[in-house]
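Engineer: Please find one structure pasted underneath; my questions will follow.
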Amino acid sequence: MKTAEALAVLDAPLDAEVDQDELVQAAMQWHFSPETGTPFWLDRLDQLDFDPRSDVRTMDDLRMFPQFVDDLRYAPVESLLPRGYGGTAEVIGVFESGGTTGVPKRVLYLADWMEREMAGAMRAMDERGYPWGVNWLSLGPSGPHDYAELTGQHARRRNGVRFAVDFDPRWVRRCLREGRGEEAERYLDHVLTQAAHVLGSQRIGAIQAPPPLLERLARDERLVDVVRGQVHVITWCGTSMDPDTRDLLRNDVFPGIPVYGLYGSTMALGAAFERPATENGDSVFDSPSPHVTYAVVDPDSGKPVAVGERGQVVMHHLSKSALLPNNRERDVARRAAEPPGATGHSVADVRPLETFTGVPVIVGAY
């Protein structure tokens with residue numbers, strides 16, 4: 018097959034079915050060829066004991082990649098732009114990881130990837146009955162994080178306006194790490210006070226927020242009444258939510274309002290919406306697309322665990338705009354049965370690791 022034909026899968030229509038192995042091979046050709054490749058990866062070729070263009074043929078082969086993702090803490094962002102764009106790539110933004118385990122890592126969001134990510138998000142929202150033409154309230158980080166950009170895209174693309182209340186999750190983690198829990202609590206109360214101003218003066222039809230802020234909102238009877246009177250859907254994200262809290266919010270605090278989780282990672286440049294139906298009481302997330310897939314692996318061997326077993330979550334990103342393979346996340350999860358024909362694993366009962374790369378994991382509020 019000619020090179021141009023082999024790479025065509027990277028530009029497949031947004032709704033096209035993509036062969037996973039063809040996508041893997043095309044991503045290797047694109048990111049590791051001198052003409053089109055990504056400098057970040059070309060600079061690391063001599064550190065590999067295999068040739069990605071000839072040896073990486075399937076999803077399973079992505080396990081061959083070592084953990085280069087930590088290099089994103091210090092890599093110049095220019096090295097993340099594939100040469101194949103010829104300097105014409107539209108950069109949506111530079112986004113950072115949460116910094117939970119040290120110096121933040123950075124990735125680039127390109128416009129063509131944003132279109133793919135949002136096409137999948139809109140399909141998922143339609144399948145779950147998310148409303149059109151309503152205003153959104155997002156409670157979460159802005160600044161270097163992708164949260165603000167993505168929630169803004171969600172609202173705009175569904176013909177709504179987004180109201181935002183910002184908070185700095187790194188400050189909350191620092192307070193907790195230094196034993197200043199009371200200060201962290203006061204800060205989150207400050208964030209909720211700002212949310213109350215928006216809810217009290219604007220017509221809000223959708224809320225997106227991390228569980229700790231939703232739990233605080235649920236303790237304010239006045240705000241609960243406001244939400245019950247006008248909100249159509251609630252999305253939680255950023256940290257895990259235990260089944261008891263989720264069921265309490267769904268059934269007792271906000272009865273009749275769908276509550277869905279959104280699970281993903283900045284380092285995967287993508288996220289998955291919770292399945293409409295729970296499995297054994299847990300929230301289940303399917304790999305969101307052929308481009309962004311999850312795996313649940315044994316943390317020692319790196320091999321996939323069986324359905325029903327727990328392991329560490331690994332995420333892969335394969336697209337024209339970025340290559341982020343075999344990235345071990347700070348989470349553990351139970352592998353759930355995948356839908357028929359699905360690519361990648363499905364995950365349930367996601368929880369943070371106690372330590373990650375030797376560093377204690379302090380999740381805080383996001």
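Under our numbering, the very last position in the sequence shown is 383; numbers go up by exactly one each time.
Quick reminder that beta carbons are idealized off the backbone N, C-alpha and C, glycines included.
Keep in mind it's a predicted model, so treat the numbers as computed, not measured.
Which same chain residues end up closer than 7 Å to K19 when comparing Cβ atoms and leaving out the 5 residues on each side of it in sequence?
Structural biologist: Position 2 of the sequence shown, counted from the start, is the residue given in the question as residue 19. At K19, the pLDDT of 44 sits below 50, so the modelled position is not reliable and the matter cannot be decided from this model.
Engineer: Could you pull out every unbroken alpha helix (DSSP H) segment of at least 4 residues lying fully inside the segment 245 to 271, listed in chain order?
Structural biologist: Runs of the alpha helix (DSSP H) inside the segment 245 to 271: 260 to 265.
Engineer: If we ignore side chains and look at the alpha-carbon of each, how far apart do P228 and G361 end up?
Structural biologist: The sequence position of residue 228 within the sequence shown is 211, counting from 1. The sequence position of residue 361 within the sequence shown is 344, counting from 1. Each residue's Cα considered, the two are about 26 Å apart.
Engineer: Using DSSP with H/G/I as helix, E/B as strand and the rest coil, what is V349?
Structural biologist: In the sequence shown, counting from the first residue as 1, residue 349 sits at position 332. Three-state DSSP puts V349 in a strand.
Engineer: Going along the chain, which unbroken runs of the beta strand (DSSP E) with 3 or more residues stay wholly within the segment 279 to 328?
Structural biologist: Entirely contained in the segment 279 to 328, the beta strand (DSSP E) runs reaching 3 residues are, in chain order, 287 to 290, 301 to 303, 309 to 314.
Engineer: Since Q329 contacts V309 with CB under 8 Å, what's their CB separation in whole angstroms?
Structural biologist: One-based indexing of the sequence shown puts residue 329 at position 312. One-based indexing of the sequence shown puts residue 309 at position 292. About 17 Å separates the two Cβ atoms, so there is no contact after all.
Engineer: So what's S218 in DSSP terms, helix, strand or just coil?
Structural biologist: Here the question's residue 218 lines up with position 201 in the sequence shown. Note: S218 maps to helix in three-state DSSP.
Engineer: To the nearest angstrom, how far is the alpha carbon of L266 from that of G103?
Structural biologist: Translated into the one-based positions of the sequence shown, residue 266 becomes position 249. Translated into the one-based positions of the sequence shown, residue 103 becomes position 86. Answer to the nearest angstrom: the Cα atoms are 49 Å apart.
Engineer: For R145, write down the residues that DSSP places opposite it in a beta bridge.
Structural biologist: For the purposes of this step, residue 145 is taken as the residue at position 128 of the sequence shown. BP columns for R145 are empty, so no partner.
Engineer: Is there contact between the segment 259 to 278 and the segment 105 to 115, where contact requires at least three CB pairs shorter than 8 Å?
Structural biologist: No: fewer than three Cβ pairs fall under 8 Å.
Engineer: Starting from P369 and walking both ways along the beta strand (DSSP E), at which residues does that stretch end?
Structural biologist: Here residue 369 corresponds to residue number 352 of the sequence shown, with the count starting at 1. Its beta strand (DSSP E) spans residues 363 to 369.
Engineer: Could you spell out where the alpha helix (DSSP H) holding V41 opens and where it closes?
Structural biologist: Mapped onto the sequence shown, residue 41 falls at position 24. From DSSP, the alpha helix (DSSP H) with V41 extends over 37 to 49.
Engineer: CB D38 to CB R74, shorter than 8 Å?
Structural biologist: Taking the sequence shown and counting its residues from 1, the one referred to as residue 38 is at position 21. Taking the sequence shown and counting its residues from 1, the one referred to as residue 74 is at position 57. Yes. Within cutoff.
Engineer: Which residues does DSSP pair with H334 in a beta bridge?
Structural biologist: As a first step, residue 334 must be located in the sequence shown, where it is residue number 317. Partner(s): V309, L341.
Engineer: In whole angstroms, what is the alpha-carbon distance linking G119 and G137?
Structural biologist: Within the sequence shown, residue 119 is the residue found at index 102, counting from 1. Within the sequence shown, residue 137 is the residue found at index 120, counting from 1. Between G119 and G137, the C-alpha separation is close to 31 Å.
Engineer: Pick helix, strand or coil for G169, following the three-state DSSP scheme.
Structural biologist: Here residue 169 is taken as the residue at index 152 of the sequence shown, counted from 1. Reduced to three states, the DSSP call for G169 is helix.
Engineer: For Y204 versus V182, is the C-beta spacing smaller than 8 Å?
Structural biologist: Position 187 of the sequence shown, counting from 1, holds the residue named residue 204. Position 165 of the sequence shown, counting from 1, holds the residue named residue 182. Against a cut-off of 8 Å, the Cβ pair of V182 and Y204 comes out as no contact.
Engineer: Just grab the DSSP bridge partners of G157 for me.
Structural biologist: Translated into positions along the sequence shown, residue 157 becomes position 140. DSSP lists D183 as partners of G157.
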